[in-house]
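To convert, note that position 227 of the sequence shown is 926 in our numbering; the numbers rise steadily by one, no gaps.
Beta carbons are placed, not taken as given, at the ideal position from N, Cα and C, and that holds for glycine.
Below is one structure, written out as structure tokens; comments come after it.
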Amino acid sequence: MKKFLIYFFLLFSAFARAQDKLPVVYLPENMTIHFISPEPVQYVDISDKDLAGDLPLKNVLRIKLRDSLKRFTGSVITIAGETFLAQYRLLPGYPGVATEINIMPADTKPLDISGIGLSGNQLRQLSYNLYAQRTEKKLAKIKAFGLKGLVNHIATLGDYIFLDISFKNETNLRYDIEDLRFRIDDKKVTKATNVQSVEISPVFSLSGMPSFAKYYRNVFVFKKMSFPGNKVLHAELSEKQISGRVITLTISYKDLLDADTLDLN
Numbered sequence: 700m701k702k703f704l705i706y707f708f709l710l711f712s713a714f715a716r717a718q719d720k721l722p723v724v725y726l727p728e729n730m731t732i733h734f735i736s737p738e739p740v741q742y743v744d745i746s747d748k749d750l751a752g753d754l755p756l757k758n759v760l761r762i763k764l765r766d767s768l769k770r771f772t773g774s775v776i777t778i779a780g781e782t783f784l785a786q787y788r789l790l791p792g793y794p795g796v797a798t799e800i801n802i803m804p805a806d807t808k809p810l811d812i813s814g815i816g817l818s819g820n821q822l823r824q825l826s827y828n829l830y831a832q833r834t835e836k837k838l839a840k841i842k843a844f845g846l847k848g849l850v851n852h853i854a855t856l857g858d859y860i861f862l863d864i865s866f867k868n869e870t871n872l873r874y875d876i877e878d879l880r881f882r883i884d885d886k887k888v889t890k891a892t893n894v895q896s897v898e899i900s901p902v903f904s905l906s907g908m909p910s911f912a913k914y915y916r917n918v919f920v921f922k923k924m925s926f927p928g929n930k931v932l933h934a935e936l937s938e939k940q941i942s943g944r945v946i947t948l949t950i951s952y953k954d955l956l957d958a959d960t961l962d963l964n
């Protein structure tokens with residue numbers, strides 16, 4: 700029994716020391732604290748049942764006491780983003796303390812979990828970097844119905860493929876986008892019944908422009924894909940209206956293999 704008490708005391712002391720090292724946030728009665736994350740919040744653990752929390756926005760967590768009449772003595776809250784984990788020690792507060800807490804890099808630990816990959820902010824920055832590059836290689840292009848389609852860049856980083864494509868409207872008729880679909884299709888179609896088509900969706904796109912008068916350009920990000928040489932990747936842009944114009948870019952697997960490499964730094 701004595702050994703158990705000593706072990707329990709040491710364990711409790713270590714837990715207390717660990718809590719003492721956490722950044723402190725003060726929670727006043729009848730007030731709400733907002734944690735502002737640099738990326739979408741994926742997980743929250745609130746260890747005290749007297750606390751209530753929710754996510755009004757993807758990157759905002761708000762916390763408050765359920766019952767201000769109860770005596771709040773303190774708690775620990777854990778917040779996980781796409782690439783980080785942060786813990787804070789909540790203590791009783793008083794009016795006048797900060798009610799907006801920015802989650803700073805110094806208060807976080809990186810997550811190294813297979814499959815999470817790049818964060819939304821990282822994908823956006825990498826897409827901007829690719830968008831700003833000059834076009835040097837001659838990649839896939841198409842011209843039809845007064846429209847020109849062009850693959851400006853193809854780049855990779857880890858398990859991600861970045862596809863920079865643009866469309867130019869050479870007519871005076873505004874183009875209202877119905878859809879932009881990506882499919883892996885057979886390169887040569889011999890019989891309609893034998894056609895195999897697999898639709899794929901990007902995990903991120905730089906912009907969401909619904910229409911354009913003269914020029915449209917966007918960067919789409921896909922998780923790593925592979926397909927045999929007898930298939931191609933199609934990017935099909937379709938227009939609203941019954942007689943809408945449809946234009947399809949054809950991208951070979953060789954183009955993907957010859958893709959440039961992006962730098963995360």
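C-beta contact flag for residue i and residue j at 7 Å
{"i": "I732", "j": "I762", "result": "yes"}
{"i": "A839", "j": "L948", "result": "yes"}
{"i": "Y830", "j": "V918", "result": "yes"}
{"i": "R770", "j": "A751", "result": "no"}
{"i": "L784", "j": "K808", "result": "yes"}
{"i": "V743", "j": "I778", "result": "yes"}
{"i": "D858", "j": "K939", "result": "no"}
{"i": "T782", "j": "L810", "result": "yes"}
{"i": "L760", "j": "V740", "result": "yes"}
{"i": "I946", "j": "I841", "result": "yes"}
With 16 other Cβ atoms within 10 Å as the buried cut-off, status of residue i
{"i": "K748", "result": "exposed"}
{"i": "T960", "result": "exposed"}
{"i": "Y787", "result": "buried"}
{"i": "S910", "result": "exposed"}
{"i": "G907", "result": "exposed"}
{"i": "I860", "result": "buried"}
{"i": "Y915", "result": "buried"}
Helix, strand or coil at residue i according to DSSP, with G and I counted as helix
{"i": "S937", "result": "strand"}
{"i": "N851", "result": "strand"}
{"i": "G752", "result": "strand"}
{"i": "R761", "result": "strand"}
{"i": "A805", "result": "helix"}
{"i": "T960", "result": "strand"}
{"i": "Y793", "result": "coil"}
{"i": "D884", "result": "strand"}
Within-7 Å CB hit, residue i to chain B
{"i": "G795", "result": "No chain B is part of this structure, which consists of one protein chain only."}
Per DSSP, the bridge partner or partners of residue i
{"i": "S865", "result": "L849, R916"}
{"i": "Y787", "result": "I776"}
Exercise. Tell me, please, whether the segment 933 to 951 touches the segment 863 to 876 by the rule of three or more beta-carbon pairs shorter than 8 Å.
Key: Yes, they touch.
Practice problem: Please confirm if the segment 792 to 802 is in contact with the segment 866 to 886, defined as three or more CB-CB distances below 8 Å between the two stretches. | Solution: Segment contact: the segment 792 to 802 against the segment 866 to 886, fewer than three CB-CB distances shorter than 8 Å; contact not assigned.
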